[in-house]
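There are 2 protein chains.
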Amino acid sequence: MIFPVGPGLTVVGHNEGEHVGQLLRVQHFTVSRDGFGTGEGQSLERPFGHADPAGMFAWRSATAGWFMRTEPGGTRGLDDYLTRDYDRNIGAEIMGRNKFGPQRGPWEDHEWQGWWGDRPPFHTPVFVLTHHVRPSFTLADTTFHFVDADPATVLEQAKEAAEGKDVRLGGGPTTIREFLDADLVDTLHVAVVPVELGSGVRLWESPDELLDRFDVDVVPSRSGVIHHLFWRRS
Amino acid sequence: MIFPVGPGLTVVGHNEGEHVGQLLRVQHFTVSRDGFGTGEGQSLERPFGHADPAGMFAWRSATAGWFMRTEPGGTRGLDDYLTRDYDRNIGAEIMGRNKFGPQRGPWEDHEWQGWWGDRPPFHTPVFVLTHHVRPSFTLADTTFHFVDADPATVLEQAKEAAEGKDVRLGGGPTTIREFLDADLVDTLHVAVVPVELGSGVRLWESPDELLDRFDVDVVPSRSGVIHHLFWRRS
Chain A
871 MIFPVGPGLT VVGHNEGEHV GQLLRVQHFT VSRDGFGTGE GQSLERPFGH ADPAGMFAWR
931 SATAGWFMRT EPGGTRGLDD YLTRDYDRNI GAEIMGRNKF GPQRGPWEDH EWQGWWGDRP
991 PFHTPVFVLT HHVRPSFTLA DTTFHFVDAD PATVLEQAKE AAEGKDVRLG GGPTTIREFL
1051 DADLVDTLHV AVVPVELGSG VRLWESPDEL LDRFDVDVVP SRSGVIHHLF WRRS
Chain B
871 MIFPVGPGLT VVGHNEGEHV GQLLRVQHFT VSRDGFGTGE GQSLERPFGH ADPAGMFAWR
931 SATAGWFMRT EPGGTRGLDD YLTRDYDRNI GAEIMGRNKF GPQRGPWEDH EWQGWWGDRP
991 PFHTPVFVLT HHVRPSFTLA DTTFHFVDAD PATVLEQAKE AAEGKDVRLG GGPTTIREFL
1051 DADLVDTLHV AVVPVELGSG VRLWESPDEL LDRFDVDVVP SRSGVIHHLF WRRS
């Protein structure tokens, strides 16, 4: 630790990013106790299939820092710290196609611009993984790019777009698995919620699967969530 | 919770600060198990008096996000989330005179510009509480102002300088007590470390003293620290 201890000792440097490469970070991804990141049967009306988003995400919507909060109030404890870190030093996002919309196969309607409204909550370039590319477009301060490439290539593009900041890996579970399998994820926060889905799209059988490569803090919250904070061993 | 569930439903708003007033936040203030924020006998050479800063602050200097880290590496678990939130949405700091320097009484040497080096780690205006005002000065992107006023007045000045962002209350313990006694603190993160100081400047006899006005999450960390995350009841 460098600590200023008097005028004779100059502070030799600060942590202003120069020592740290760009990270790929999964920020508060929520899974059920049985390991599913989303339910079965995604549709336009049910982005999470049979899973009830109100139940899955109650922990973060209760926090003051949740980026889609529309009213004052909310808690400012542990869950809030982990929620409000969402966009800290993030310069781009990578997401799977199913986080953008429920369509499968070729796009049939370019007019439809995703689930995220006219002012998407990303505020950065977003790289949507798809085998069916379409032209980029911008909504407010978010630009969506559609890319058909392997995880390492997409990550390279996203890091360039992030201009020195980190890249968020936004999900869904299949996309996170692909990047984990390619060993490209640096940090991963998974909130395990006290909900059983029984079926759906799985992130893991158990968090222990990651312990060969990651260190982890397991932190229970009074909301009933068990936070798993993974970071890659150096 | 507002969650986008289809193109027919517009996202009506986001948490971009418009619903939330400016907060006064104490960010990762460290105290000993027996409640002292600093030791006895502060001097130029020993900013924490008889307390050993290496022991008191080991928990945060181990993290990747500690703002004075000068080398790569560090942990990225719970302690890191709580450390790296330090400057998130902070537009000004208020500190007591003893966090600026060890002098008591009238300033005898205006050449001496504080403990924080040529590039102070604040990057915002800093309001130093003192009965002995002196001219403001700027080091890199930090400007120090010296003010002789009651807590409410200083907070008003700092909020104006923060231009809509929050204000950090930087300590030391006496300063935090003054703002707590004036009921001006909105959130307070205190890291209780497994160190006994026996004497020094006290923050509290017990964290329970704050429970009449604050809600709290008490979160043990594997570093041995017990994090106390307080927020004022609305």
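Chains as they are written, first to last, in my numbering: chain A, 871 to 1104; chain B, 871 to 1104. Beta carbons are placed, not taken as given, at the ideal position from N, Cα and C, and that holds for glycine. Note that the structure is predicted; figures quoted are calculated from it, not measured.
Residue i to residue j span [Cα, whole Å]
i                       : j                       : result
residue 972 of chain B  : residue 1053 of chain B : 27 angstroms
residue 882 of chain B  : residue 932 of chain A  : For residue 882 of chain B, the predicted model reports a pLDDT of 39, less than 50, meaning its position is unreliable and no value from the coordinates is stated.
residue 924 of chain B  : residue 1030 of chain B : 35 angstroms
residue 1041 of chain B : residue 1090 of chain A : 29 angstroms
residue 982 of chain A  : residue 964 of chain A  : 19 angstroms
residue 921 of chain B  : residue 939 of chain B  : 21 angstroms
residue 1061 of chain B : residue 978 of chain B  : 35 angstroms
residue 1004 of chain B : residue 994 of chain A  : 43 angstroms
residue 1048 of chain B : residue 1099 of chain B : 19 angstroms
residue 1035 of chain B : residue 893 of chain B  : 8 angstroms
residue 1085 of chain B : residue 934 of chain A  : 14 angstroms
residue 985 of chain A  : residue 968 of chain A  : 10 angstroms
residue 970 of chain B  : residue 997 of chain B  : 10 angstroms
residue 951 of chain B  : residue 1050 of chain B : 25 angstroms
residue 1065 of chain B : residue 1028 of chain B : 33 angstroms
residue 912 of chain B  : residue 1063 of chain B : 20 angstroms
residue 1037 of chain A : residue 980 of chain B  : 45 angstroms
residue 1026 of chain B : residue 1102 of chain B : 19 angstroms
Residue j beta carbon less than 7 angstroms from that of residue i
i                       : j                       : result
residue 943 of chain B  : residue 1071 of chain B : no
residue 1007 of chain B : residue 1016 of chain B : no
residue 953 of chain A  : residue 930 of chain A  : yes
residue 946 of chain A  : residue 1057 of chain B : yes
residue 896 of chain A  : residue 1039 of chain A : yes
residue 991 of chain B  : residue 937 of chain B  : yes
residue 1032 of chain B : residue 961 of chain B  : yes
residue 919 of chain B  : residue 1074 of chain B : no
residue 1126 of chain B : residue 989 of chain B  : No answer is possible for residue 1126 of chain B: it lies beyond the span of chain B, which begins at 871 and ends at 1104.
residue 1069 of chain A : residue 941 of chain A  : no
Cβ separation of residue i and residue j, assumed to be a contact under 8 angstroms, to the nearest whole Å
i                       : j                       : result
residue 1087 of chain A : residue 948 of chain B  : 5 angstroms
residue 1001 of chain A : residue 1020 of chain A : At roughly 12 angstroms, the Cβ-Cβ gap does not stay under 8 angstroms, so residue 1001 of chain A and residue 1020 of chain A are not in contact.
residue 1045 of chain A : residue 975 of chain A  : Not confirmed; about 18 angstroms, so no contact.
residue 1106 of chain A : residue 902 of chain A  : An answer regarding residue 1106 of chain A cannot be provided, because it is not within the stretch 871 to 1104 covered by chain A.
residue 899 of chain A  : residue 1059 of chain A : 7 angstroms
residue 955 of chain B  : residue 955 of chain A  : 7 angstroms
Residue i in three-state terms, based on DSSP
i                       : result
residue 1072 of chain B : strand
residue 992 of chain A  : coil
residue 1008 of chain A : strand
residue 1030 of chain A : helix
residue 1025 of chain A : helix
residue 924 of chain B  : helix
residue 1101 of chain A : strand
residue 1081 of chain B : coil
residue 877 of chain A  : Caution is warranted here: a pLDDT of 33 is assigned to residue 877 of chain A, below 50, making its placement in the model unreliable, and no coordinate value can be reported.
residue 902 of chain B  : strand
residue 1090 of chain A : strand
residue 958 of chain A  : coil
residue 1000 of chain B : coil
residue 1048 of chain A : helix
residue 967 of chain B  : helix
residue 953 of chain A  : helix
residue 1054 of chain B : coil
residue 1038 of chain B : strand
residue 1067 of chain B : coil
residue 893 of chain B  : coil
Chain D contact for residue i (CB, 7 angstroms cutoff)
i                       : result
residue 1004 of chain A : You won't find chain D in this structure, because its protein chains are A and B.
Check: Just by C-beta distance, which residues in the region 1070–1094 of chain A are closer than 8 angstroms to chain B?
Finding: 1085, 1086, 1087, 1089, 1091, 1092
Taking Cβ-Cβ distances below 8 angstroms as the criterion, which residues of the region 955–975 of chain B are in contact with chain A?
955, 958
Using Cβ-Cβ distances below 7 angstroms, what residues of the region 899–926 of chain A are close to chain B?
914, 915, 917, 923, 924
Using Cβ-Cβ distances below 8 angstroms, what residues of the region 934–948 of chain A are close to chain B?
Under the 8 angstroms Cβ criterion, the region 934–948 of chain A contributes 934, 935, 936, 937, 938, 939, 940, 941, 942, 943, 945, 946, 947, 948.
Output, in sequence order along the chain, the residues in the region 1028–1058 of chain B whose CB is closer than 7 angstroms to any CB in chain A. 1057
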